[in-house]
Every structure is written in structure tokens, then in C-alpha cells.
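*Asks:* Here it is, the structure in full.
Residue numbers (my numbering), protein chains in the order written: chain G, 197 to 447; chain B, 18 to 249.
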């Protein structure tokens with residue numbers, strides 16, 4: 197089967213520093229891939245290169261047979277098919293939760309208001325926030341805001357969703373509610389790439405884990421293998437450090 | 018005592034002065050509308066317009082912020098006549114003061130646009146919105162809210178500028194006040210006090226209205242007065 201997403205030899209340089217030094221991987225439909233690695237190793241940049249929020253200097257990205265990186269690509273149309281969940285939510289501050297979720301369907305997909313409203317309410321229910329439809333972002337907790345932003349991504353009926361450290365800006369007690377939603381999505385067969393430091397989540401949900409460092413993929417494989425018998429000493433070192441930092445990880 | 022008698026005498030001219038003040042309000046409406054539309058466009062070009070359009074927008078802003086209002090009025094009124102085109106005083110004044118206000122308003126809007134966190138634009142683009150759509154549905158609705166306090170300042174300033182249009186023969190309140198004074202010099206003081214009072218009312222009403230707008234569009238949970246931040 198052809199992969200849903202194919203990332204080929206992505207390079208990105210900021211000034212003198214080469215943040216991505218040739219990254220390639222593939223993603224099947226329904227697969228959940230988790231990217232881990234130390235801060236500043238290009239994980240977020242890699243995610244942003246996939247939907248060209250950041251333009252890669254070199255390399256190609258294919259989504260479902262369409263070349264995203266082609267100069268002729270209709271990038272707005274492609275982005276509409278790729279959900280993106282940000283570390284700091286980036287909900288539209290002047291809109292209610294409901295309006296945040298239905299804005300894309302109405303203004304990008306051209307859906308009628310009644311239809312978009314019904315869809316948005318459905319997605320808000322899916323993330324457990326039916327009662328917050330009329331709340332503004334500033335009236336919601338971080339965990340609630342992040343769940344609204346997941347609903348916003350879902351309402352576009354995307355082919356895959358990219359999560360850029362979705363729980364890193366949250367208070368510890370709010371992380372669980374967001375992870376629960378993501379675990380549910382993975383179970384339902386959503387295709388996802390998740391950059392995270394939540395090793396418990398990575399272990400229990402990922403079909404494959406990619407360990408990145410200094411702009412390259414050091415090691416990739418199924419979680420059992422990576423966690424119990426990492427092949428590369430850098431992977432072992434990182435996993436040991438992060439376990440110390442975040443405490444024992446369940447799962 | 019004598020002064021108050023004069024005020025009574027000016028009362029005879031009051032209906033005429035008030036009617037003339039409506040012309041000031043009309044001019045105010047026209048110049049604010051021109052200023053708002055062009056000012057928004059200039060601000061957007063300065064922020065998003067790239068090198069060429071951005072430079073053009075800065076040039077425009079520089080020109081219209083630099084030239085004194087009276088000079089602009091004369092240029093717009095007497096300028097076209099030089100080329101055989103006659104222009105009505107109201108149109109000349111609306112354009113001259115409108116372009117001038119647009120330059121000032123552009124900087125209010127630019128500041129507001131730049132105060133919006135970049136994440137808002139990024140999130141809109143990530144949804145697949147074009148830049149123009151993102152500006153229309155995400156950036157401008159937030160920017161206009163942030164711009165209200167600065168904009169009310171510009172409002173208070175241009176309300177008064179409408180009296181300058183008397184210099185290009187527009188039949189507004191200042192011109193009528195001057196006619197009263199020319200006919201009866203001892204009424205000068207009382208007449209201009211009336212004019213001053215009219216503008217106190219205009220400015221007060223306008224700012225009260227803008228305050229209402231600001232409250233009406235305040236984002237719940239944000240920008241609330243009297244919350245902790247205001248007391249720190």
C-alpha cells in the first residue's frame with residue numbers, strides 16, 4: 197500500500213545553523229507516529245515543513261499522491277487536509293469555541309452555516325466540551341483550549357493531524373484530558389504525527405517512534421523495541437534522562 | 018453682566034450656527050470614512066505588502082502626515098481649478114482631510130495589527146485560509162478592537178479640524194461665526210463661546226459612543242476593566 201505521507205530528505209537552515217539535515221520517513225493511513233528528542237533538534241520545524249508553514253530548503257513531501265512541496269501545489273487546499281495542533285493552542289481569541297471550530301468549515305470548505313454549526317457541535321462533543329461552545333478562549337483552561345483546538349482540526353475532516361508538543365504548555369493536572377482525547381483519536385484510526393515528551397503516551401499509542409537529534413533521525417522503530425532495547429547509545433541516554441525528568445512513565 | 022446680554026443676543030443666530038454645525042458633522046463623517054478605509058489599506062500594505070507596496074504605503078503616509086492641514090485644503094480646492102477643473106468645497110475638504118486622517122489612522126491600525134500574536138495568523142493559514150481571508154476573519158476583527166482607544170484620539174482631533182474647511186469657503190459653523198462677528202464685532206466673544214460649546218458636545222458624544230462600541234465588542238475574559246491587572 198502506498199504511504200499516505202512521504203517525507204523525503206528534508207533540509208532546513210536558519211542562518212548558519214542547519215536545523216534539519218535530511219530527514220525522511222513515511223506514514224501509512226491510520227498510523228500514529230511519535231517523534232521524540234531533545235529540545236532544539238528540529239522536531240517542530242519538521243512538522244511545519246510538512247504543511248509548509250515553514251518552507252523546507254530542500255526535499256519533498258507527498259500527501260496522498262500530491263506533492264506538497266511542488267511550486268505549483270495549491271498549498272491552501274493541502275493545508276485544509278492537514279490538521280495542526282499547536283503547543284500554545286493558538287485559538288482565535290475573539291471567537292467563541294463554537295466559532296473557532298466552525299470558521300474553517302465555513303470559510304475554507306465553503307460549508308453552509310447550519311451545517312458547519314452542527315458539525316462543530318459534534319466535534320466539540322467529541323472532545324467533551326459541549327457545554328463550552330459559547331465560551332471564549334480566555335474563559336477556558338489550557339486543557340480545554342487545547343481540546344477546542346483539536347476539535348477545530350477535526351472539523352476540517354483532515355487526512356492527518358500534526359501535533360506539535362500539544363501538552364507542553366499545560367499544567368500537569370490538565371495534561372491527562374488532552375492525552376485522553378488523542379488516545380481516543382488514535383483508536384478511531386486517525387492518522388497522526390505527535391511531537392511530545394510524554395513517554396507514557398508515546399509508548400502506549402505510537403505504532404512507531406522516531407528519535408531525532410541534531411536535525412537527523414537517529415533511530416526509529418516500534419515502541420517496545422525503542423524503549424526496551426534501543427540500538428543507539430544516544431537513544432538510551434535520552435530515554436534515561438527524560439524518564440528522570442518526567443518521573444516514571446506508565447503504560 | 019453685559020457679556021451675558023451678548024450671549025442672549027447671539028441666541029438669535031443660534032439656529033443658523035447649529036444648522037451650519039451639521040455641515041461639520043457631514044464633513045466629519047466623510048473624512049472619517051475615507052480615513053478609515055484608506056488607513057486600513059495603508060496599514061495592511063505596510064505590514065503585509067512586501068517591499069514595493071509597503072514602500073508605497075510608507076511614502077503615502079509620510080506625505081500626508083507631513084503637510085499642514087491648511088496647505089492640503091488649499092491644494093485640493095485651488096489646485097484643480099488651476100487645471101480648469103472646478104471642485105466643490107465639501108469634496109475638496111473631505112478628500113484633503115480624509116487623506117490626511119488616513120495617514121494618521123494607518124499608524125493606529127498598524128500598531129494594532131502588529132500587537133496581535135503571530136500564532137493567530139499561523140493558525141489561520143494552517144487551516145488552509147488564504148492570507149486575505151486570514152486578515153479578514155482573524156486579524157482585522159482583533160486589530161479593530163485594539164485600535165479603538167487610539168482611534169478615539171484621532172476622532173477627537175479631526176472633529177476640530179473640520180472648522181479649517183472655512184478657509185475653502187465651506188459653509189460650516191466657523192464660517193457662519195465669522196460672518197456674525199464681521200457684522201457685529203462686539204458679539205465675537207459670545208459667538209465663539211457658542212462654537213466652542215458645540216465642539217465640547219461633539220467630542221463628548223463621539224467619545225461616549227466609541228466607549229459604547231468598545232464595551233460592546235470587548236472579548237469576554239480579555240481586556241476587562243477592574244480585574245486584577247487594573248489594580249496592580
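Just so you know, even glycine gets a beta-carbon here, dropped at the ideal spot from N, CA and C. This structure is a prediction, so every number in the text was calculated from the model and none was measured.
Whole angstroms is fine: what's the gap from residue 125 of chain B's alpha carbon to residue 162 of chain B's?
*Replies:* Residue 125 of chain B and residue 162 of chain B: Cα-Cα distance of roughly 11 Å.
*Asks:* Classify residue 406 of chain G as helix, strand or coil using the three-state DSSP reduction.
*Replies:* Correct three-state label for residue 406 of chain G: strand.
*Asks:* Can you grab the Cα-Cα spacing for the pair residue 283 of chain G / residue 417 of chain G, in whole Å?
*Replies:* Taking the straight line joining both Cα atoms gives about 25 Å.
*Asks:* Can you list the residues of chain G that residue 237 of chain B reaches, using a CB-CB cut of under 9 Å?
*Replies:* Within 9 Å Cβ-Cβ: 292, 331, 332, 334 and 335.
*Asks:* Are the CB atoms of residue 333 of chain G and residue 299 of chain G nearer to each other than 8 Å?
*Replies:* No.
*Asks:* Between the C-alpha atoms of residue 242 of chain G and residue 206 of chain G, what's the straight-line distance to the nearest angstrom?
*Replies:* In a straight line, the C-alpha of residue 242 of chain G is about 8 Å away from that of residue 206 of chain G.
*Asks:* At the level of alpha carbons, what is the spacing between residue 217 of chain G and residue 79 of chain B?
*Replies:* Going by the C-alpha atoms only, they are around 45 Å apart.
*Asks:* Report the option in B/146, B/64, B/204 and B/47 whose CA atom is closest to the CA atom of residue 133 of chain B.
*Replies:* Nearest option by C-alpha distance: B/64.
*Asks:* With C-beta atoms as the reference, is residue 155 of chain B less than 8 Å away from residue 118 of chain B?
*Replies:* No, the Cβ-Cβ distance between residue 155 of chain B and residue 118 of chain B is not below 8 Å.
*Asks:* When the Cβ atoms of the stretch 391–409 of chain G are set against those of the stretch 360–377 of chain G, are three or more pairs found closer than 8 Å?
*Replies:* The answer is yes - the stretch 360–377 of chain G touches the stretch 391–409 of chain G, with three or more Cβ pairs under 8 Å.
*Asks:* Looking at the secondary structure, which residues open and close the beta strand (DSSP E) in which residue 221 of chain G lies?
*Replies:* Start and end: 213–223.
*Asks:* With residue 208 of chain G as the anchor, note down where its beta strand (DSSP E) starts and where it stops.
*Replies:* Here the beta strand (DSSP E) through residue 208 of chain G covers 201–210.
*Asks:* Output needed in chain order: residues of the stretch 152–180 of chain B with a Cβ under 8 Å from some Cβ in chain G.
*Replies:* Flagged, chain order: 154, 155, 158, 159 and 162.
*Asks:* Starting from residue 357 of chain G and walking both ways along the beta strand (DSSP E), at which residues does that stretch end?
*Replies:* Segment 356–360, the beta strand (DSSP E) holding residue 357 of chain G.
*Asks:* So is residue 41 of chain B buried or exposed if we call it buried at 16+ other beta carbons inside 10 Å?
*Replies:* Buried is the call here.
*Asks:* Can you list the residues of chain B that residue 276 of chain G reaches, using a CB-CB cut of under 8 Å?
*Replies:* Correct list: 144 and 145.
*Asks:* Just to confirm the assignment, what range does the beta strand (DSSP E) spanning residue 259 of chain G have?
*Replies:* Unbroken beta strand (DSSP E) run through residue 259 of chain G: 254–259.
*Asks:* Any Cβ of chain G within less than 8 Å of the Cβ of residue 67 of chain B?
*Replies:* No - not a single Cβ of chain G is within 8 Å of the one on residue 67 of chain B.
*Asks:* Using a C-beta cutoff of 8 Å, does residue 88 of chain B count as contacting chain G?
*Replies:* No, residue 88 of chain B does not count as interfacial toward chain G.
*Asks:* Here's a check: name, in chain order, each residue in its chain whose Cβ is nearer than 8 Å to the Cβ of residue 431 of chain G, leaving out the five neighbours to either side.
*Replies:* 407, 414, 415 and 422, listed in sequence order.
*Asks:* Of all the CB atoms in chain G, is at least one closer than 8 Å to the CB of residue 211 of chain B?
*Replies:* No, residue 211 of chain B lies away from the interface with chain G (no Cβ there is under 8 Å from its Cβ).
*Asks:* With a threshold of 8 Å on Cβ separation, who are the neighbours of residue 301 of chain G within its own chain once the five nearest residues in sequence on each side are excluded?
*Replies:* Excluding positions up to five away in sequence, the list reads 307, 311, 312, 315, 316, 351 and 352.
*Asks:* In or out: residue 319 of chain G buried (at least 16 other Cβ within 10 Å) or exposed?
*Replies:* Looking at its Cβ environment, which holds 16 or more other Cβ atoms inside 10 Å, residue 319 of chain G is buried.
*Asks:* Using a Cβ-Cβ distance cut-off of 8 Å, determine whether residue 300 of chain G contacts chain B.
*Replies:* Taking Cβ atoms only, chain B reaches closer than 8 Å to residue 300 of chain G, which makes this a yes.
*Asks:* In chain order, what residues of the stretch 250–261 of chain G put their CB closer than 7 Å to some CB of chain B?
*Replies:* Residues: none.
*Asks:* Pair every Cβ in the stretch 164–184 of chain B with every Cβ in the stretch 43–53 of chain B, then say whether three or more of these pairs are closer than 8 Å.
*Replies:* A contact exists between the stretch 164–184 of chain B and the stretch 43–53 of chain B.
*Asks:* Can you tell which of G/209, G/198, G/251 and G/201 has its C-alpha closest to the C-alpha of residue 461 of chain G?
*Replies:* Within the shown structure, residues of chain G are numbered from 197 to 447, placing residue 461 of chain G beyond reach of any answer.
*Asks:* Count the other CB atoms, across all protein chains shown, that sit within 10 Å of the CB of residue 29 of chain B; report buried if there are 16 or more and exposed otherwise.
*Replies:* With fewer than 16 Cβ atoms within 10 Å of its Cβ, residue 29 of chain B is classed as exposed.
*Asks:* Return helix, strand or coil for residue 280 of chain G, following the three-state DSSP convention.
*Replies:* Here residue 280 of chain G sits in strand by DSSP.
*Asks:* Closest to residue 27 of chain B by C-alpha separation, out of B/211, B/88 and B/60, would be which residue?
*Replies:* Of the candidates B/211, B/88 and B/60, the one whose C-alpha sits nearest the C-alpha of residue 27 of chain B is B/211.
*Asks:* Anything in chain G within Cβ reach of residue 137 of chain B, meaning under 8 Å, just list it in chain order.
*Replies:* Those are 286, 288 and 289, listed as they occur along chain G.
*Asks:* Compare the beta carbon distance of residue 257 of chain G and residue 246 of chain G with 8 Å and say whether it is the shorter of the two.
*Replies:* Yes, Cβ-Cβ distance for residue 257 of chain G and residue 246 of chain G is below 8 Å.
*Asks:* Taking Cβ to Cβ, would you say residue 293 of chain G is nearer than 8 Å to residue 268 of chain G?
*Replies:* Contact: no.
*Asks:* Starting from residue 414 of chain G, trace the beta strand (DSSP E) both ways and give me its first and last residue.
*Replies:* Looking at the DSSP string, the run of the beta strand (DSSP E) that includes residue 414 of chain G is 412–417.
*Asks:* Can you round the beta-carbon distance between residue 197 of chain B and residue 38 of chain B to whole angstroms, since I take them to be within the 8 Å contact cut?
*Replies:* No, residue 197 of chain B and residue 38 of chain B are not in contact; Cβ-Cβ is about 13 Å, not under 8 Å.
*Asks:* Between residue 356 of chain G and residue 278 of chain G, which are expected to be in contact by the criterion C-beta below 8 Å, what is the C-beta distance as a whole number of angstroms?
*Replies:* Between residue 278 of chain G and residue 356 of chain G the Cβ distance is about 6 Å, and since that is below 8 Å, they are a contact.
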